[in-house]
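Novice: The structure is given below, and queries will be raised subsequently.
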Amino acid sequence: MVQDWLRRATPVDWFLLALRVAVVAVVGTGFVAGLLHPRYSRAEWFSFLTFGLTIGAIYALIALGYTMVYGILRMVNFAHGDVFMFGAYAACFSLLACNRAGILGPDPALSFVIATTVCIAVSAGVAVLAERIAYRPFRRGRSLAPLISTLGLSFVLEYSARGMFGAQNKAFPSMPAVDGIVSMAGFSVPRAQVVVVAVALLTMVVLTLIVMRTRIGTAMRAVAEDRDAATLMGINVDGVVVFTFALGGALAGIAGLLYGLVFKQISFFMGFFLGVKGFGAAVLGGIGNIPGAMLGGYALGLVESLGPAAFLEGLGVDSPYQLRDAIAYTMLVMVLIFRPRGLLGERLSAARA
Amino acid sequence: MTMNSRCALRRGFAAMGLAATMLSAAAHAETLGPVTDEVGVVKVARGQPILIGALLVLSGPDLSLGVDASRGAEIAFDDHGNKLVGHPIKYLPEDGQCSAEGGQTGATRLASNKQIVGVLGTACSSESRGGAPILWNAGMPQAVTSATAPALTAADRPMGLQGIVRFVYNDINGAAAAVKYAQTVHATKVATMHDGSLYAEELVNAFAKQFKAAGGAIAAAEAISPSDTDLRPVLTRIGTTKPELIFAPIFTGASAYLVRQVKEVPTLASTPVLGTDAVLAPAFLEAAGDAAVGYRLTGVDNDPKLMGVRYGDFLAKYKEKFGEDPIGGFHGNGYDAALAMMTAIEKVAKTEAGGDTYIGRKALRDALMQTEGLDGITGKLTCDKNGDCGSSHFAVFEYASGDPTSFKLGANPKKVFP
Numbered sequence: 001m002v003q004d005w006l007r008r009a010t011p012v013d014w015f016l017l018a019l020r021v022a023v024v025a026v027v028g029t030g031f032v033a034g035l036l037h038p039r040y041s042r043a044e045w046f047s048f049l050t051f052g053l054t055i056g057a058i059y060a061l062i063a064l065g066y067t068m069v070y071g072i073l074r075m076v077n078f079a080h081g082d083v084f085m086f087g088a089y090a091a092c093f094s095l096l097a098c099n100r101a102g103i104l105g106p107d108p109a110l111s112f113v114i115a116t117t118v119c120i121a122v123s124a125g126v127a128v129l130a131e132r133i134a135y136r137p138f139r140r141g142r143s144l145a146p147l148i149s150t151l152g153l154s155f156v157l158e159y160s161a162r163g164m165f166g167a168q169n170k171a172f173p174s175m176p177a178v179d180g181i182v183s184m185a186g187f188s189v190p191r192a193q194v195v196v197v198a199v200a201l202l203t204m205v206v207l208t209l210i211v212m213r214t215r216i217g218t219a220m221r222a223v224a225e226d227r228d229a230a231t232l233m234g235i236n237v238d239g240v241v242v243f244t245f246a247l248g249g250a251l252a253g254i255a256g257l258l259y260g261l262v263f264k265q266i267s268f269f270m271g272f273f274l275g276v277k278g279f280g281a282a283v284l285g286g287i288g289n290i291p292g293a294m295l296g297g298y299a300l301g302l303v304e305s306l307g308p309a310a311f312l313e314g315l316g317v318d319s320p321y322q323l324r325d326a327i328a329y330t331m332l333v334m335v336l337i338f339r340p341r342g343l344l345g346e347r348l349s350a351a352r353a
Numbered sequence: 354m355t356m357n358s359r360c361a362l363r364r365g366f367a368a369m370g371l372a373a374t375m376l377s378a379a380a381h382a383e384t385l386g387p388v389t390d391e392v393g394v395v396k397v398a399r400g401q402p403i404l405i406g407a408l409l410v411l412s413g414p415d416l417s418l419g420v421d422a423s424r425g426a427e428i429a430f431d432d433h434g435n436k437l438v439g440h441p442i443k444y445l446p447e448d449g450q451c452s453a454e455g456g457q458t459g460a461t462r463l464a465s466n467k468q469i470v471g472v473l474g475t476a477c478s479s480e481s482r483g484g485a486p487i488l489w490n491a492g493m494p495q496a497v498t499s500a501t502a503p504a505l506t507a508a509d510r511p512m513g514l515q516g517i518v519r520f521v522y523n524d525i526n527g528a529a530a531a532v533k534y535a536q537t538v539h540a541t542k543v544a545t546m547h548d549g550s551l552y553a554e555e556l557v558n559a560f561a562k563q564f565k566a567a568g569g570a571i572a573a574a575e576a577i578s579p580s581d582t583d584l585r586p587v588l589t590r591i592g593t594t595k596p597e598l599i600f601a602p603i604f605t606g607a608s609a610y611l612v613r614q615v616k617e618v619p620t621l622a623s624t625p626v627l628g629t630d631a632v633l634a635p636a637f638l639e640a641a642g643d644a645a646v647g648y649r650l651t652g653v654d655n656d657p658k659l660m661g662v663r664y665g666d667f668l669a670k671y672k673e674k675f676g677e678d679p680i681g682g683f684h685g686n687g688y689d690a691a692l693a694m695m696t697a698i699e700k701v702a703k704t705e706a707g708g709d710t711y712i713g714r715k716a717l718r719d720a721l722m723q724t725e726g727l728d729g730i731t732g733k734l735t736c737d738k739n740g741d742c743g744s745s746h747f748a749v750f751e752y753a754s755g756d757p758t759s760f761k762l763g764a765n766p767k768k769v770f771p
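Here is the structure:
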């Protein structure tokens with residue numbers, strides 16, 4: 001088999017092989033040196049791990065929206081990051097309202113349910129509007145029009161938020177119930193992070209149940225598999241598309257609430273950076289693939305949080321955290337070199353590849 | 354390519370272009386009416402306004418830096434009756450967005466209007482890095498209101514930055530104030546953090562140099578990017594070095610994340626953080642909320658007792674014109690920059706009998722540079738040979754409340770040192 005490869009290999013194959021070996025060597029050296037580096041104790045490694053899981057959970061929830069829409073429509077919805085931003089503002093204002101009504105402190109569970117309901121409703125609503133205004137009119141044409149129009153809609157949403165909520169960063173109300181620190185296995189972890197990781201996991205379980213066990217979920221999978229055949233089988237494709245946008249929007253809304261709980265500061269422009277990260281996570285996991293988006297989100301979050309300490313510290317780089325995004329995106333490129341279809345592979349039927 | 358090397362490259366190109374222009378200008382000095390000038394002459398026809406531009410951050414989380422200075426400038430124009438050498442003043446502010454790219458865009462827009470005589474600002478040092486070469490290429494000198502990076506007035510600064518005259522302190526002095534504070538609280542091991550901006554990086558370097566010279570140690574020198582939201586990993590890393598103080602001269606958004614997240618990192622929960630007047634604004638309280646309480650920052654001491662009687666009058670005018678107290682710490686510098694610009698224009702402008710006025714561009718820059726004993730709001734202003742004219746006393750402030758409406762210099766944040 002090796003002989004066979006040697007016979008067929010082109011210079012490009014040799015180059016890719018050399019690149020892969022070099023990547024493994026650099027990452028391996030950095031990783032081993034980083035682990036041997038005496039700077040960090042177990043508690044600090046555990047902190048990095050929880051930070052990575054928290055931000056990873058948020059990336060994963062955003063990535064799911066990108067990947068579901070892409071799975072069904074082969075289109076990237078660039079306004080998705082701004083749907084997330086609207087979710088964060090909705091959560092912020094509903095928690096402020098709870099605070100004014102005096103139920104934020106005494107009844108955190110009720111406040112949380114109210115905030116979740118409001119942010120899901122707002123984000124799903126914005127996502128459905130996006131579908132109706134910026135996507136559906138262009139669906140029949142075989143061009144880049146839907147892509148460009150979602151890009152335009154992204155700016156419209158950002159600047160309407162700027163007009164409505166102001167250009168300044170806004171403090172997210174703090175919930176006394178999720179502030180503070182809990183002790184887990186001897187390590188102290190901010191309670192908000194535990195809440196975020198738990199809520200994100202619960203949301204993903206519910207999503208999996210919806211997609212795998214319900215009629216509408218089956219319809220979604222059928223449309224993703226072959227839209228024409230699904231139409232012939234009597235599935236209401238338009239309805240499925242609207243439902244997919246709404247579902248993705250709801251997840252983004254929950255991500256907005258969780259983001260606010262952890263980082264406590266939101267701005268009209270936040271959807272851009274997190275949207276790009278979420279899209280990166282979706283590509284990393286294999287776009288169109290729902291478990292892939294979850295895995296991609298967590299992988300991206302963990303690499304951002306652990307990467308600088310684990311790889312760059314060992315390689316002797318100064319101020320490694322300034323290179324966090326560089327590491328994250330380099331990893332994306334590297335994964336795509338090794339697995340061009342993402343970690344878990346794209347779930348697209350061959351007919352439309 | 355990093356942002357800085359990109360900027361350096363751009364600056365290099367701009368400087369080359371400028372050098373070529375200056376050479377040709379030197380060869381063909383422009384003569385218009387009674388004025389001959391190496392760089393160029395602006396003719397203001399009878400009854401037409403004299404245009405003064407401004408390049409300041411007017412949007413985004415750091416807008417109060419620029420808006421506050423711009424309001425100060427407007428009051429200076431009002432005090433002058435909005436008239437200059439027989440012409441009305443027309444003020445044209447542009448947004449520099451507190452970034453090199455924004456500065457470049459804003460400067461290009463200003464430079465396209467050849468009637469503009471001089472420019473107030475910038476507010477952020479990065480804006481000058483992007484915008485100053487373009488402005489000076491068009492022959493427009495700058496009266497800087499709050500860009501404090503040492504490089505802007507360094508003795509060996511490139512051609513592109515030679516239009517800059519600064520009416521605010523230089524960060525070499527800002528760093529000295531931070532070092533003095535660190536010594537007062539008996540900190541011997543300090544961690545620093547910058548965001549890659551020209552301002553923060555140079556300030557941190559100046560601080561490290563002076564602090565080490567004074568016998569202190571820098572425990573960790575870290576950097577983030579201005580759009581980072583999760584600073585806990587980098588804070589955890591800083592925590593491993595057990596610093597006694599963290600000096601982080603970063604801007605509003607990142608500072609608000611910092612003050613919240615530093616408390617979530619177990620090893621740093623009780624370590625104090627020192628910022629700078631980059632966050633001396635209600636916008637910071639809007640972003641940080643109650644986490645701002647106890648946060649300390651160095652800034653210009655705007656104590657009316659130090660500033661003299663005119664400052665009290667100025668504050669009253671500010672409140673009357675804009676309906677609120679100053680929203681930042683650089684209104685006085687905005688006023689002084691505008692005042693110096695007007696004084697310099699009066700010095701070099703030549704008006705003919707017909708009422709047309711001629712202003713030499715290089716002469717204006719030189720007149721600004723030679724500002725001496727000017728009675729400004731922030732003190733008596735005299736420029737040194739590199740164009741540093743700021744006269745400011747420093748203080749350390751501490752936020753006492755997270756409510757943005759409670760922002761009032763001297764009360765919240767209140768002065769804690771000296």
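Top line first, the protein sequences correspond to chains A and B.
Reading the first sequence from the start, the letters are residues 1 to 353 in my numbering.
Reading the second sequence from the start, the letters are residues 354 to 771 in my numbering.
We put the CB at the ideal spot given by N, CA and C, even for glycine.
Using a Cβ cut-off of 7 Å, which residues of the segment 418-436 of chain B contact any Cβ in chain A, in chain order?
Specialist: none
Novice: So if I threshold CB-CB distances at 7 Å, which residues from the segment 568-592 of chain B count as touching chain A?
Specialist: A574, E575, A576, I577, S578, S580, T582, D583, R585, P586, V587, T589 and R590
Novice: Can you tell me which of the three DSSP states I712/B falls into?
Specialist: strand
Novice: With respect to the beta strand (DSSP E) encompassing Y444/B, which residues constitute its N-terminal and C-terminal limits?
Specialist: Element bounds for Y444/B: H440 to D448.
Novice: Taking CB distances under 7 Å as the criterion, tell me whether R39/A reaches chain B.
Specialist: yes
Novice: Does W5/A pass the burial test, meaning 16 or more other C-beta atoms within 10 Å, or should it be called exposed?
Specialist: exposed
Novice: List the residues that DSSP assigns as beta-bridge partners of K533/B.
Specialist: DSSP output for K533/B lists no bridge partner at all.
Novice: Near G217/A, what residues of its chain come up, given a Cβ to Cβ distance below 7 Å and the 5 sequence neighbours on each side ignored?
Specialist: I210 and V211
Novice: Count the C-beta pairs between the segment 482-489 of chain B and the segment 417-429 of chain B that are closer than 8 Å, then say yes if the count reaches three, no if not.
Specialist: no
Novice: Does the CB of A617/B have a neighbour CB from chain A at under 7 Å?
Specialist: Per the sequence shown, residue 617/B should be read as Glu rather than Ala. At least one chain A Cβ lies under 7 Å of E617/B.
Novice: Please list the partners that Y159/A has in chain B, where partner means a Cβ-to-Cβ separation under 8 Å.
Specialist: Neighbours of Y159/A on chain B: none; closest Cβ ~11 Å, over 8 Å.
Novice: So is P414/B in contact with chain E if we call contact Cβ pairs under 7 Å?
Specialist: The structure shown has no chain E; the protein chains it does contain are A and B.
Novice: Against chain A, does E447/B count as a neighbour if the rule is that its beta carbon must be under 7 Å from one of theirs?
Specialist: no
Novice: According to the neighbour-count rule (16 or more other Cβ atoms, all chains shown, within 10 Å of its Cβ), is L376/B buried or exposed?
Specialist: Residue placement at L376/B is poorly supported in this model, since its pLDDT is 45, which falls under 50; the coordinates are not used for a value here.
Novice: With distances taken from CA atoms, which of T593/B, A641/B, L650/B and P602/B is nearest A298/B?
Specialist: This structure gives no information on residue 298/B, because the portion of chain B shown stretches from 354 to 771.
Novice: Please decide whether E639/B counts as near chain A, where near means a Cβ-Cβ distance under 7 Å.
Specialist: yes
Novice: Which residues, in order along the segment 590-609 of chain B, keep a beta-carbon less than 9 Å from a beta-carbon of chain A?
Specialist: R590, G592, T593, T594, T605, G606 and A609
Novice: How far does the alpha helix (DSSP H) with K483/B in it reach, from first residue to last?
Specialist: The sequence shown places Gly at residue 483/B, rather than the Lys named in the question. Start and end: S478 to N490.
Novice: If you reduce the DSSP assignment to three classes, tell me which class K311/B lands in.
Specialist: Given a span of 354 to 771 for chain B in the structure shown, any question on residue 311/B remains unanswerable.
Novice: Does the beta carbon of K761/B sit closer than 7 Å to a beta carbon anywhere in chain A?
Specialist: no
Novice: On the DSSP letters alone, give me the boundaries of the beta strand (DSSP E) that R519/B sits inside.
Specialist: I517 to R519
Novice: In angstroms with no decimal places, state the Cα-to-Cα distance between V178/A and P291/A.
Specialist: 28 Å
Novice: Residues in the same chain with beta-carbon distance under 6 Å from L385/B, minus the five sequence neighbours each way, listed in chain order, please.
Specialist: V394, K396 and Y711
Novice: Would you grab the beta carbon distance between E480/B and D524/B for me? Rounded to a whole angstrom, and I think it's under 8 Å.
Specialist: Rounded, the Cβ-Cβ distance is 15 Å, inconsistent with contact.
Novice: Answer with yes or no whether the minimum CB distance from F31/A to chain B is below 7 Å.
Specialist: So, not an interface residue.
Novice: Taking 7 Å as the threshold (C-beta atoms), are V701/B and L717/B in contact?
Specialist: yes
Novice: Straight-line CA distance for G449/B to G459/B?
Specialist: 5 Å
Novice: Mind the definition here: the segment 154-163 of chain A touches the segment 254-269 of chain A only if three or more C-beta pairs lie below 8 Å; say whether that holds.
Specialist: Result yes; three or more Cβ-Cβ pairs closer than 8 Å.
Novice: Measure the C-alpha to C-alpha separation of A453/B and S478/B and round it to an integer number of angstroms.
Specialist: 8 Å
Novice: Please list the segments of the beta strand (DSSP E) lying wholly inside the segment 586-638 of chain B, counting only runs of 3 or more residues, in order along the chain.
Specialist: Whole beta strand (DSSP E) segments, 3+ residues: 598-600 and 626-629.
Novice: Using the three-state DSSP reduction, which class does P503/B fall into: helix, strand or coil?
Specialist: helix
Novice: Can you list, in chain order, the residues of its chain with a C-beta nearer than 7 Å to that of S174/A? Leave out the 5 residues immediately preceding and following it.
Specialist: K264
Novice: Going by the DSSP bridge assignment, what does T389/B pair with across the sheet?
Specialist: T384/B
Novice: Answer yes or no: does any C-beta atom of chain A fall closer than 7 Å to that of G636/B?
Specialist: Per the sequence shown, residue 636/B should be read as Ala rather than Gly. It does; some Cβ of chain A falls within 7 Å.
Novice: State the start and end residues of the unbroken beta strand (DSSP E) segment that holds R191/A.
Specialist: Unbroken run through R191/A is the alpha helix (DSSP H), R191 to R213; no beta strand (DSSP E).
Novice: If we count Cβ pairs, one from each stretch, closer than 8 Å, do we get three or more for the segment 241-254 of chain A versus the segment 18-37 of chain A?
Specialist: no
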